[in-house]
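Counting along the sequence shown from 1, when you hit position 150 you're at 153 in the working numbering, and nothing is skipped either side.
We put the beta carbon where it would ideally sit given N, CA and C, even for glycine.
Beneath this line is the structure, given in structure tokens, with notes to follow.
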Amino acid sequence: MPDKILPVLTIDGPSGSGKGTVSRMVAETLGWHLLDSGALYRAVGFAAGMEGLDLSDSEAVTRCAQTTKIAFHDPGDGSETRVIVNGMDATDELRTETCGAAASAIAAIAGVRAALFDKQRAFRKAPGLVADGRDMGTVIFPDAGVKVFLTASAEERAKRRHKQLKEKGLGVTLAALLREIQARDVRDAGRAVAPLKPAADATVIDSTGMPVERVVAAVLELVRKGRD
Ligand code: C5P
């Protein structure tokens, strides 16, 4: 089984479910590589914005996805990975709600998803990969040994995001965030290509009210069991 040689753990779920933090902590514990696939979609959304493209112009945005150069740079000092888009450090811009909404819009375009397919598969390297996204277990790594679908109530996800943004000094109201998260959920789950849904063989973890350490422990336990 290829998975025994190059193990992949997929962690899919809606925005704000804690996927990013959990994936990073699990990857660190296991010493595995990490794929933040959302950053790729955000990078394409950002590049399309920089080019002044109409985000509903599928052809132009697909071309943009095919030509945009995206690189991840680990500073190596424990600080966060920088995302370089067409030679420019766009890490801070990618995290904004504007980029998140742009990513969600362009992610519905089949050509964009196709353009990012091989880029994502290339992250599968020894000793293993933790892949964080929406369709990691269903489309990109259907043969992954362990698949997790991480979720939480929309209210809890909005609260977590609100706290994060407040800590960064960004002023957004909780009500506005809840509306944005609910709208994005509907778009991500309702789109024709790679809609957000748990893989048939995924373990669903609802992290509402659960401290992140407990979620990490639960995921690590699944990996341990998967190895037995
Ligand atoms: O996870 P993150 O919030 O960074 O993702 C931004 C957007 O990119 C999501 O709302 C989703 O529409 C899209 N996305 C996707 N498939 C992935 C990862 C992200 O469609 N694997």
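Query raised in the report: What is the rounded straight-line gap between the Cα of residue 161 and the Cα of residue 70?
Result: Approximately 34 angstroms, taken between the alpha carbons.
**Report entry** residue 61 Cβ short of 7 angstroms to ligand 1 heavy atom set
**Finding:** The answer is no for residue 61.
Requested in this report: Note down the Cα distance separating residue 218 from residue 207, rounded to an integer number of angstroms.
Outcome: Taking the straight line from one Cα to the other gives about 11 angstroms.
Report task. Please work out which residues of its chain come closer than 8 angstroms, Cβ to Cβ, to residue 78, disregarding the five sequence neighbours upstream and downstream, and give them in chain order. Result -> Excluding positions up to five away in sequence, the list reads 84, 85.
Query raised in the report: Quick one: is residue 65 near chain C, going by C-beta distance under 8 angstroms?
Result: Protein chain content of the structure displayed is limited to a single chain, and chain C is not contained in it.
Query raised in the report: Quick one: is residue 165 buried, meaning 16 or more other Cβ sit within 10 Å of its Cβ, or exposed?
Result: With at least 16 other beta carbons inside 10 angstroms of its own, residue 165 counts as buried.
**Report entry** Cross-strand partners of residue 15 (DSSP beta bridge)
**Finding:** Per DSSP, 136, 152.
Requested in this report: Would you mind giving the Cβ-Cβ distance between residue 209 and residue 155, rounded to the nearest angstrom? I have them listed as a contact below 8 angstroms.
Outcome: Indeed, because the Cβ distance is near 6 angstroms, the residues count as touching under 8 angstroms.
Report task. Sort 23, 32, 21, 15 by Cα distance to residue 130 and report the nearest one. Result -> It is 32.
Query raised in the report: Looking at C-alpha atoms only, which residue of 15, 108, 37 is the closest neighbour of residue 46?
Result: When only C-alpha atoms are compared, the closest one is 108.
Report task. Specify the secondary structure class of residue 161 as computed by DSSP and reduced to three states. Result -> It is helical.
Query raised in the report: Tell me which same chain residues have a C-beta within less than 6 angstroms of the C-beta of residue 190, skipping the five on either side of it?
Result: So the list reads 107, once near-sequence residues are dropped.
Query - 8 angstroms Cβ cutoff met for residue 56 and residue 149 - result: With a cutoff of 8 angstroms on beta-carbon distance, residue 56 and residue 149 are scored as not near each other.
**Report entry** Collapsed DSSP secondary structure at residue 146 in the structure displayed
**Finding:** The three-state secondary structure of residue 146, taken from DSSP, is coil.
Requested in this report: Indicate, with yes or no, if ligand 1 has a heavy atom lying under 7 angstroms from the CB of residue 213.
Outcome: Not so, every heavy atom of ligand 1 lies at least 7 angstroms from the Cβ.
**Report entry** Sequence-distant residues of the same chain with beta carbon closer than 6 angstroms to residue 22, five excluded per side
**Finding:** Same-chain partners within the cutoff: 14, 16, 135, 153.
Report task. Go through its chain and collect everything with a Cβ distance to residue 64's Cβ below 7 angstroms, but skip five positions before and after it. Result -> These residues qualify, in order along the chain: 51, 56, 58, 109, 112, 115.
Query raised in the report: Quick one: Cα of residue 36 to Cα of residue 30, how far?
Result: So the alpha carbons of these two residues sit roughly 6 angstroms apart.
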